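Structure first, then comments.
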Amino acid sequence: IRWIDDRQEGRERPIVYIGIDTVADSWGKPASAMMKAVRLLLEHYALYFVAPAPTNDHDFLPRTQQWCEEHISVPAYNRIIFTNQKHLLYGDYLIDSATATGFMGTQLQYGSDTFKTWEDIIEYFERLGGQ
C-alpha cells in the first residue's frame, strides 16, 4: 500500500541499507530495539538488508533468508541484497558494523562510539524527521 501511495503522489523515499550483521546479537537473536528501528524507518524510508554474498557456503543464502523471514518478516520480503561490494550500493544511508569505503551516502557505523545501540540509531533518524 505504501508503494502505491508513493507512486500516486510521485514520492521517492530515501534508501536505507542495513547490514545483516547488525540485526542479530552474538546468539543469533534479533538485536535489542532493532525491530523498533525497522518499524520507525519503514515510515519514511525504503529499507534493504545487505548480506555478504556466499562463496563456498551454499547453505548461507537459505539460512539468511530464513532468519530474515522469521525475525524481521514482511519488511525483509524481497529486500535482501547479497553483495561483497557495499561501496557499489546506491542509496542514502548505510547502517553497518564495518566501513564501506567509497559508499556515496551517509554511513552509520553500528557499534561505534556514536552509534553503540539501535536506540542511538533511532534517535539519529528521529532527529532527521524522514530526510
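Residue numbering for the sequence shown is 52 to 182, as defined by the working numbering. Cβ atoms here follow ideal geometry from the backbone N, Cα and C, with glycine treated the same way. Here the structure is a predicted model, which means the values were calculated and not measured.
A Cβ-Cβ contact shorter than 7 Å links G70 with D147. Fewer than three pairs of CB atoms, one per stretch, sit closer than 8 Å, so the stretch 151 to 161 makes no contact with the stretch 107 to 122. Within the model, the alpha-carbon separation for H138 versus Q160 is close to 14 Å. Here DSSP, grouped into helix, strand and coil, assigns V67 to strand.
The C-beta separation of L93 from P126 comes to about 6 Å, placing the pair in contact by the 8 Å criterion.
Here the C-alpha atom of Y141 lies approximately 31 Å from the C-alpha atom of W78. Rounded to whole angstroms, D164 and D171 show a C-alpha spacing of 10 Å. About 16 Å separates the Cβ atoms of R130 and L91, ruling out a contact at the 8 Å cut-off. Judged by DSSP in its simplified three-state form, Y175 adopts helix. When the alpha-carbon of A104 is set against those of Q136, S83 and K80, the nearest one is in Q136. Within the stretch 123 to 150, complete beta strand (DSSP E) segments of at least 3 residues are found at 131 to 133 and 144 to 147, given in chain order. At least 7 Å separates the beta-carbon of M86 from that of V74. Comparing alpha carbon positions, the residue from R62, D57 and Y68 closest to A151 is Y68.
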